[in-house]
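In our numbering, each number is its position in the sequence shown, counted from 1, plus 641.
Every residue gets a Cβ at the ideal spot worked out from N, C-alpha and C, and that includes glycine.
Worksheet: the structure to be examined is printed underneath.
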Amino acid sequence: MPKRNILDIVRGAGLAAGIWTILGKAVQERGGTDEDFHRLARPEGEDLIGKIADFIVGAGKGVESAHIIDLDVDPFVPNGWTIEEHIKGGQLEWDPTKLSFYLSEGQQHGGHVQGDKLREELKGKLAYNANLLDDFLAHPELIPEDLKGKRVFFWGTIYRHPSGPLRVRYLHWHGGGWGWYFAWLGSDLYDNYLAAVPASI
């Protein structure tokens, strides 16, 4: 459907007089004078009218509602798995600056650390749980581009496989898309195996 001409809409709906009346009242309430208002009809008022138009056009743009991630709800549980531990994290208003990564000293400089040991190191550090992982998968546009080539672990949720071993899920770019994978807690974790933690840590 073609867009209607704005001037036709204003004239047809009788809006012109109403808009000028409201604008005049707003100018007066702010201590303006007749001179301030009449300036709009002069050549020098053209720039000011342009600014008002820019504001009207852009008023609804760039103001997006906050993206809230509920880190308190029960996490997704793969078929047959159970939850061993799930550390709640409240309502997270997403902001990339709130995301940081933890590497164990043993992981640095090309080293590695066993998952069980890293889990112990992270106790008390409020590592993000799997709810953030699953929100990322639902909204991949939120995932920082520089995470490609890395594996991001969400240690706030620990699962148990039906056969007994504990597992932790991680985010990974593979085959042209983001997906989740898992590691046994007895596995060796290297320097591209990052633990997702709040940036304040």
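Close beta carbons around residue i, own chain, < 8 Å, minus the five adjacent residues each side
i, result
"W825", "G756, P806, L807, R808"
"T738", "A840"
"P785", "P737, L740"
"K758", "S745, G747"
Cβ-Cβ distance between residue i and residue j below 9 Å
i, j, result
"F794", "L835", "yes"
"N770", "G730", "yes"
"H708", "G797", "no"
"L778", "R792", "no"
"L830", "V714", "no"
"Y743", "E761", "no"
"G790", "N833", "yes"
"G827", "P781", "no"
Same chain, Cβ closer than 6 Å to residue i, five either side skipped, listed in chain order
i, result
"T723", "R801"
"F823", "R808, R810"
"W814", "K789"
Buried versus exposed call for residue i [16 or more other C-beta atoms within 10 Å across all chains shown]
i, result
"I690", "exposed"
"I693", "exposed"
"G669", "It should be pointed out that residue 669 corresponds to Gln in this sequence rather than to Gly. Label assigned to Q669: exposed."
"L664", "exposed"
"R810", "buried"
"Q748", "buried"
"L712", "buried"
"A585", "Here the chain has residues from 642 to 842 only, and residue 585 is not among them."
"A837", "buried"
Presumed contact (8 Å Cβ cut-off) between residue i and residue j, rounded CB distance
i, j, result
"L767", "I710", "The Cβ separation is near 14 Å, so there is no contact."
"L788", "W735", "That pair is no contact at about 15 Å."
"S741", "P839", "7 Å"
Sequence-distant residues of its chain with Cβ nearer than 7 Å to residue i (five each side left out)
i, result
"F717", "A771, D775"
"G721", "P803"
"E725", "I799, Y800, R801, L807"
"G751", "D832"
"S706", "none"
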